[in-house]
Amino acid sequence: MFILVAALVVLLASAALWNAFVRPPARASAGATPDTAPVQTVVRTAGSAIDSARDTAHAAAAPTPPPTVVPPVGAGGPSYIVLLARSEIRRRIRASAGSTYLNDNLTQNADSILHRWDGRVSTPVRVFFPPTTVANFQPSFLDAVRSAFQRWQEVVPVRFNLDADSSSAEVRVQWRIQFEGERSGQTDVQWDEDGRLTGGVVTLATFDAKGQPFAPDDVRVLALHEIGHLIGLDHSPDPGDIMYAQPKVRELSPRDVRTAALLYDLAPGPLRVGG
Numbered sequence: 001m002f003i004l005v006a007a008l009v010v011l012l013a014s015a016a017l018w019n020a021f022v023r024p025p026a027r028a029s030a031g032a033t034p035d036t037a038p039v040q041t042v043v044r045t046a047g048s049a050i051d052s053a054r055d056t057a058h059a060a061a062a063p064t065p066p067p068t069v070v071p072p073v074g075a076g077g078p079s080y081i082v083l084l085a086r087s088e089i090r091r092r093i094r095a096s097a098g099s100t101y102l103n104d105n106l107t108q109n110a111d112s113i114l115h116r117w118d119g120r121v122s123t124p125v126r127v128f129f130p131p132t133t134v135a136n137f138q139p140s141f142l143d144a145v146r147s148a149f150q151r152w153q154e155v156v157p158v159r160f161n162l163d164a165d166s167s168s169a170e171v172r173v174q175w176r177i178q179f180e181g182e183r184s185g186q187t188d189v190q191w192d193e194d195g196r197l198t199g200g201v202v203t204l205a206t207f208d209a210k211g212q213p214f215a216p217d218d219v220r221v222l223a224l225h226e227i228g229h230l231i232g233l234d235h236s237p238d239p240g241d242i243m244y245a246q247p248k249v250r251e252l253s254p255r256d257v258r259t260a261a262l263l264y265d266l267a268p269g270p271l272r273v274g275g
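Heads up, the sequence shown is in my numbering, so the first residue is 1 and it goes up one at a time.
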């Protein structure tokens with residue numbers, strides 16, 4: 001009996017020593033502590049060896065990210081390809097400064113947009129000549145204006161249907177007796193957000209600023225200037241060009257021709273870096 005009791009005492013003593021010094025402590029569950037931070041947060045703040053190992057394991061398990069795609073410049077802004085194209089257009093315009101006045105046109109153009117008709121060879125621009133009873137109007141004035149349209153058609157890839165009716169017309173050519181000031185014509189044009197011209201109104205006077213009646217050839221010269229605006233040109237600083245603010249010549253100059261040809265060799269639209 002004594003031996004059995006002694007053995008029991010030794011067994012109990014051994015169990016106590018095992019619990020105190022050998023057995024590993026019990027682990028808490030992952031969610032045991034309410035304010036325990038997520039692994040990602042712990043890794044970012046603690047920086048211990050164990051946390052680093054967890055971060056490496058997490059990265060290895062994560063899916064491979066997709067290739068980086070260069071986003072457009074700014075929210076909804078033009079892409080880099082568009083910006084490069086605009087840069088090349090600006091370079092060509094600056095390089096033409098000695099032979100055209102397109103660079104001068106852009107400085108006059110507050111929105112820095114190239115305006116022109118686009119794709120209007122197979123579908124000509126429809127032009128309407130409303131009847132008029134304006135003083136000094138002569139039927140030969142219509143022939144003079146038609147001749148001016150024809151001349152510009154020889155320069156740019158735009159065709160005009162000069163027999164359109166009022167319901168389908170995109171352009172109207174109308175008449176008035178006289179303008180205030182020194183001018184004798186006015187052209188108002190419309191365009192879409194990409195700079196493509198969509199319509200216009202050309203208004204021609206039948207008397208000059210001094211009250212002298214225009215002859216048919218005067219109207220032709222006046223129409224050459226205003227149709228230049230209609231196709232997208234602004235004023236030239238050179239009095240040798242038909243697009244000078246107050247024309248001194250009676251025909252298109254070589255610079256007029258080169259400027260219009262360059263305009264129609266470039267894409268319409270804004271040239272601003274961020275526009």
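Positions of the beta carbon are idealized from the N, C-alpha and C atoms, including for glycine.
What is the rounded straight-line gap between the Cα of residue i and the Cα of residue j?
| i | j | result |
| --- | --- | --- |
| I231 | R126 | 13 Å |
| S122 | S79 | 31 Å |
| Q190 | H229 | 11 Å |
| P270 | F160 | 25 Å |
| A75 | H235 | Unreliable placement is indicated for A75, whose pLDDT of 48 sits below 50; the coordinate value is still reported in the next sentence. Between A75 and H235, the C-alpha separation is close to 35 Å. |
| V173 | V158 | 17 Å |
| D91 | V219 | Looking at the sequence shown, residue 91 is not Asp but Arg. Taking the straight line from one Cα to the other gives about 37 Å. |
| L222 | E180 | 16 Å |
| A215 | L83 | 48 Å |
Leaving aside the five residues before and after residue i along the sequence, list all residues of the same chain whose C-beta is less than 7 Å from its C-beta, in chain order.
| i | result |
| --- | --- |
| L224 | A148, R151, I242 and L252 |
| D118 | R196 and P268 |
| D188 | G200 and V201 |
| N109 | D234 |
Does DSSP put residue i in a helix, a strand or coil?
| i | result |
| --- | --- |
| G200 | strand |
| P124 | strand |
| N136 | coil |
| V145 | helix |
| G269 | strand |
| T100 | coil |
| R255 | helix |
| V82 | helix |
| G185 | strand |
| N161 | strand |
Note down, in chain order, each residue of its chain lying with its Cβ closer than 8 Å to the Cβ of residue i, except the 5 sequence neighbours on either side.
| i | result |
| --- | --- |
| E182 | A209 and Q246 |
| K248 | P239 and G240 |
| L142 | F129 |
On the DSSP bridge assignment, give the partners of residue i in chain order.
| i | result |
| --- | --- |
| R176 | A205 |
| Y244 | S236 |
Whose C-beta lies closer than 6 Å to the C-beta of residue i among residues of the same chain, with five residues either side of it excluded?
| i | result |
| --- | --- |
| I113 | G195 and P270 |
| E226 | G185, T187 and V202 |
| N105 | D234 |
- Query: Should the segment 130-145 be regarded as contacting the segment 192-207, the criterion being three or more beta carbon pairs within less than 8 Å?
  - Reply: yes
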